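Report on the structure given below.
In this note's numbering, the protein residues as written are 35 to 169.
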């Protein structure tokens with residue numbers, strides 16, 4: 035699928051982006067508090083990077099749906115990552131443009147399985163974190 039409508043972006047893109055933000059903050063909290071599981075911080079950062087890549091791909095697909103350039107998203111992450119948080123929020127409210135991408139028809143409304151996948155994207159990166167914390 036080359037484009038995400040608003041609800042598919044909310045269901046699949048935002049959980050990944052939230053985890054990409056929360057996991058490094060959690061790793062920072064571990065390193066500053068002197069916790070015994072500092073050895074796991076690189077593992078948390080790798081999970082955050084994977085979530086971030088998934089979130090960036092969702093942002094690119096959403097930008098294709100509104101008629102914007104995917105290159106703008108990629109260059110934004112290279113040169114202004116904090117600004118991309120604002121762009122991620124703007125993509126929620128931007129209206130879709132049905133004629134924006136001629137390569138593919140507009141996406142259908144997400145079904146329960148898409149929303150459930152979004153829930154799993156929100157929860158699943160924290161399962162290894164809990165497992166590492168238990169060790």
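Glycine included, each C-beta is placed from N, C-alpha and C at the ideal position.
Fair warning: this is a prediction, and the values are worked out from it, not measured in the lab.
Would you say residue i and residue j are within 8 angstroms of each other, going by their C-beta atoms?
i	j	result
residue 92	residue 152	no
residue 143	residue 70	no
residue 111	residue 80	no
residue 95	residue 55	no
residue 101	residue 53	no
So what's residue i in DSSP terms, helix, strand or just coil?
i	result
residue 151	helix
residue 145	coil
residue 38	coil
residue 103	coil
residue 74	helix
residue 117	helix
Can you list, in chain order, the residues of its chain whose CB lies under 7 angstroms from that of residue i, leaving out five sequence neighbours each side?
i	result
residue 78	57, 60, 61 and 163
residue 109	none
residue 74	166
residue 86	54
Going by beta carbon distance, what residues of the same chain come within less than 6 angstroms of residue i, once the five residues before and after it are set aside?
i	result
residue 88	50
residue 156	49
Report all residues from its chain with a CB closer than 8 angstroms to the CB of residue i; omit the five preceding and five following residues, and keep chain order.
i	result
residue 126	40, 43, 44 and 48
Is it buried or exposed for residue i, if we count other Cβ within 10 angstroms and need 16 for buried?
i	result
residue 161	exposed
residue 168	exposed
residue 99	buried
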